[in-house]
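Following: one structure in C-alpha cells, then a few remarks.
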Amino acid sequence: MASRKPEPTPRPEALFGPLFEQFPVGLAIFNMDGRFLHANAVLARMLGYTVEELLQRNHLEVIHADDRESSSLSRAQAISGKSKPRLNERRYVRKDGGTIWAQVAGGVVRDNAGTPVYTSAVISDVTALKRTARMSEQRFRRMVEMSSDWYWTQDQEFRFVDVPGLEPPDVDTDVVIGKARWEITGLAPMQESWEQHKARLRRLESFSDFVLLRYKTSGELRYLSVSGEPLFDEHGRLRGYHGIGKDITERSRDQKALEESEERYRLLFEVHPQPMWVVDAGSFAFLAVNGAALALYGYSREEFRAMTADQIRPPEDVAGLRKAFEDRSADYRQRIWRHRKKSGELIHVKVVSFNLEFSGRPARLGVIYDVTGQVNAERKAEKSDTRGS
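Using my numbering, the first residue of the sequence shown is number 204, and each one after it goes up by one.
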C-alpha cells in the first residue's frame, strides 16, 4: 500500500486569512532567518515604512539595539522548544529614527514533522501608556478649548460643584453634583482602581486621560476620558480640582474591534501555539477556547462552552478566582493557579490575563502556560534542601 503523502505546510499568508489586513494591531510573519515574509499595513504605519520596505528587512533591523539580544534569545528558545512563546515588551525603531514601545506576542508554526517553518508576531503599540507627563496650564487650556466635551470643577472633598456641557449619554448632571467620582452609580475605572485614583488626588497630582466605563441603565457601555489638575487659592491652599471630560466610546470601539468580534478571536486562537480562552467577567462562562486549550485540558469545545472557569479549579481555589475577577484595576496581570483536566489530573498553570470587552460585555482573555514540571521540580529541590539541613 502506498504511503500517505504528508499534508503540505500552510503558506504564511494563509495563517490569518482575511483577518491579516483587518487586524487592528500589527501582524508579521517571518522566515526562519528572521526576514519579514508578510506584514500588515498597521505594522508598516506603526514603524513608518511601506509594507514593501519591511519585506526587504530582517526583524532585528527594526528592533532597538538595546533589545536585540533579548529578542534573539527569546526567539531562538521558542523555535528550539526550550521555552514556550510568551508576551514580551520591547522597543522598535521607526524609519524616521523615533522609538516606540510595543507588546509582542510571538508564535512558531511547525509542519507535521514538528519542524519550525515560520514564526509570527502580534505587535501592539503601547508608547502612549509609557508616557507620564504632568499637564502644563497651557496644554490644559488647549485641551479645554479644542478637545473636550465638558468641563468640571470639584471642591476640597473632590465632590462635583459644576459640570457645564455635560449632557446624556455621558453622565446625567443630576446624578453628579455633590458626589465624588467614585460615588456615581454605574462608573467603573479601567486603568487604575478607585483607591489608586483617590491616593493620586490626595497627593494633589494632575491626571490625564483617566478612562472610565459608564454602565447605562439601558445596558449600553460608554467609555469616558477625564483629565484634571488641582486648584489652589492665593495662600497655596487646595480649593478643589478642575478638568475636562470626553466621550471616547467610538474611538475605543474602533481600537477594540478585535475584542468585539468572536470570529476574529477564533481565527487568532487557532494559530496561536499557547492555550487561550476568553471568560465572561460576571458569569465565568467560557466564551471562546482555542485548539491548544482543548488539547491541554481534554475537553471538547462544546464541553468548555457548557462550563464555567470555577469548575476546572479545586473548590478551595474558587474564592481566590472570584476575588481576582472582582479586581478590574489593571488591564494586564499574571498568576499561578491550579487547574484540573478532564482526566482528573491536577496541573499548575501560569495564566497571563487581559481585561477586554467581548461581544459587548466585560470579559478576560487568558493565555495559559503549563508550569507543572517547574513547580514540581522546585518543590522537590525544597524537600531536598530541608532533608540536607
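Idealized CB from N, CA, C, for every residue including glycine.
Counterpart residues of residue i in DSSP-defined beta bridges
i	result
Leu524	The partner list for Leu524 (beta bridge, DSSP) is empty, contrary to what the question assumes.
Ser430	Ile447
His241	Ile232
Val312	Tyr321
Phe363	Gln357
Thr330	Partner(s): none; Thr330 has no beta bridge.
Asn261	Arg238
Met249	Answer is none; Met249 lacks a bridge partner.
Ala496	Answer by DSSP bridge pairing: none, since Ala496 is not bridged.
Ile550	His542
Ala491	Val481
Ala383	Arg362
Phe435	Leu441
Thr511	Ala488
Asp573	Val552
Arg516	Paired residue(s): none; Arg516 is not in a bridge.
Arg417	Leu390, Arg425
Proximal residues to residue i (C-beta, below 7 Å), its chain only, five neighbours per side dropped
i	result
Val265	Leu250, Tyr295, Val296
Arg403	Phe410
Arg508	Phe489
Lys545	Tyr500, Gly501, Tyr502
Arg504	Val492, Leu497
Ala584	none
Val228	Val245, Val325, Ile326, Ser327
Trp397	Trp385
Ala510	Here residue 510 turns out to be Met, not Ala, going by the sequence shown. Cβ within range, chain order: Phe489.
Gly547	none
Residue i vs residue j beta-carbon contact at 7 Å
i	j	result
Leu407	Ala391	no
Thr253	Ala244	no
Arg538	Leu549	no
Gly381	Arg405	no
Asp358	Gly431	no
Val366	Val379	yes
Arg536	Ile515	no
Val574	Lys553	yes
Pro476	Gly310	yes
Tyr354	Ile232	no
Tyr185	Thr388	Shown here, the chain extends from 204 to 592; a query on residue 185 therefore has no answer.
Asp299	Lys449	no
Beta-carbon contacts of residue i that lie in its chain and below 6 Å, excluding the five residues immediately before and after
i	result
Phe413	Val429
Arg238	Asn261
Glu581	none
Ser556	Arg536, Arg567, Gly569
Leu258	Phe239
His445	Thr356, Leu434
Ala242	Ala231, Val254, Leu257
Val312	Val320, Tyr321
Asp436	Arg442
Pro565	Ala484
Ile571	Pro478, Val552, Val554
Ile303	Tyr295, Asp328, Thr330
Ala308	Leu290, Val325
Lys586	none
Own chain, CB closer than 8 Å to residue i, minus 5 neighbours either side, in chain order
i	result
Gln306	Leu290, Asn291, Glu292, Ile326, Ser327, Val329
Asp513	Phe487, Val521, Leu524, Arg525
Gln280	Ser286
Leu263	Gly237, Arg271, Ser274, Ser275
Met235	Ile282, Pro319, Val320, Tyr321, Thr322
His400	Arg384, Trp385, Pro392, Phe410, Phe413
Asp269	Arg294
| Hey, is the segment 556 to 571 in contact with the segment 472 to 492, meaning 3+ C-beta pairs nearer than 8 Å? | The answer is yes - the segment 472 to 492 touches the segment 556 to 571, with three or more Cβ pairs under 8 Å.
| query | In chain order, which continuous runs of the alpha helix (DSSP H) of length 4 or greater are located wholly inside the segment 261 to 311? | reply | As far as the segment 261 to 311 is concerned, its whole alpha helix (DSSP H) runs of at least 4 residues are 271 to 283.
| Entirely enclosed alpha helix (DSSP H) segments - the segment 387 to 415, minimum 4 residues | Correct list: 397 to 405.
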